[in-house]
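Visitor:
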Amino acid sequence: MNTNTIIDTRLNELEAKVAFAEDLIETLNQTVIRQQGQLDSLQQQMRLLHQQFKDARPDETHTLRDELPPHY
23 MNTNTIIDTR LNELEAKVAF AEDLIETLNQ TVIRQQGQLD SLQQQMRLLH QQFKDARPDE
83 THTLRDELPP HY
């Protein structure tokens, strides 16, 4: 092989690797975007559940020790 053929072969291999890397980066970027959306949704759900839990909790001053058993 002459020098130009070797350089062309190496250049083609490098271009293929760069194309593969660019495709992989785009795929990973889309995955991160999708996961961030899922994370945002889960955080919103957690906030709603936390608020519902706070709203449904009995008054803090009333505990089970304050209640008499039914046989008294």
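Position 29 of the sequence shown, counted from 1, bears residue number 51 in this note's numbering, the numbering being contiguous throughout.
C-beta atoms are modelled at their ideal positions from N, C-alpha and C, and glycine is treated no differently.
I need the straight-line Cα distance from Leu64 to Thr31, nearest angstrom please.
Guide: Roughly 49 Å between the two C-alpha positions.
Visitor: Looking at the unbroken alpha helix (DSSP H) that takes in His93, where does it start and where does it end?
Guide: Segment: none, His93 is in no alpha helix (DSSP H) and carries neither H nor E.
Visitor: Is Arg96 helix, strand or coil by DSSP?
Guide: With the chain covering only 23 through 94, there is no way to say anything about residue 96.
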